[in-house]
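For reference, the structure is listed below as structure tokens.
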Amino acid sequence: DGASTKLTLDTMGLKTSGLLSSIILPSVLTLLLYFGSFVLMYIEGSLWHFISIQQWSSAMGNLRWIRNSIVAPITEEIAFRSCSAALVLQCFDWKSTVFIAPLFFSLSHFHHVLDQTKQGALMKHAILGCAFQAVYTYLFGIYATFLFLRTGLTLFHVLARISHFDRLQN
9 DGASTKLTLD TMGLKTSGLL SSIILPSVLT LLLYFGSFVL MYIEGSLWHF ISIQQWSSAM
69 GNLRWIRNSI VAPITEEIAF RSCSAALVLQ CFDWKSTVFI APLFFSLSHF HHVLDQTKQG
129 ALMKHAILGC AFQAVYTYLF GIYATFLFLR TGLTLFHVLA RISHFDRLQN
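Under my numbering, the first residue of the sequence shown is numbered 9, with each subsequent residue one higher.
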């Protein structure tokens, strides 16, 4: 039925109402969060890679880049932000959801320990690297879940994840 589908999509943040303000305000906050990185990239001269048409056209021809930089952020944000935050919110209060929902995505990074040890990394280094990544993704997940619950939209998070500057060089 159309009404229940719309309700489900709205709950998951896949809606268009309030789109403009829900993209602009979180984008400004996120730009402020990464301002130091932008300045450093400008000083190093690597910021221009992000706005280079040649870099973008080269990246768009690379299927691995498309998978890692476009498809993965979309599917991860829908699965881990939209679905998990909406489900956790059914069982916990708003504040608890902000801290519980990001755990699922954060802990999912520990499967990389196996990949890294198969490639010759020491177990200790693989665990430390994955632990750092898990903590970083958890902290960003708290921020992203807070914004998701405040705005009710997923699109901003997808755009923020797709626009990671370092991915153009991979």
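Virtual Cβ for every residue (Gly too), placed ideally from N, Cα, C.
In the displayed model, L55 falls within a helix according to three-state DSSP.
Taking C-alpha positions only, L41 is separated from I150 by approximately 14 Å. Judged by pairs of C-beta atoms under 8 Å, the segment 104–123 touches the segment 140–154, as three or more such pairs exist. Here the C-alpha atom of I61 lies approximately 15 Å from the C-alpha atom of N70. One Cα belongs to I59, the other to Q141, and the distance between them is close to 27 Å.
In its chain, beyond the 5 residues on either side, A142 have a beta carbon closer than 7 Å to the beta carbon of L115. Your pair T153 and T105 checks out as a contact, with CB atoms roughly 7 Å apart and the cut at 8 Å.
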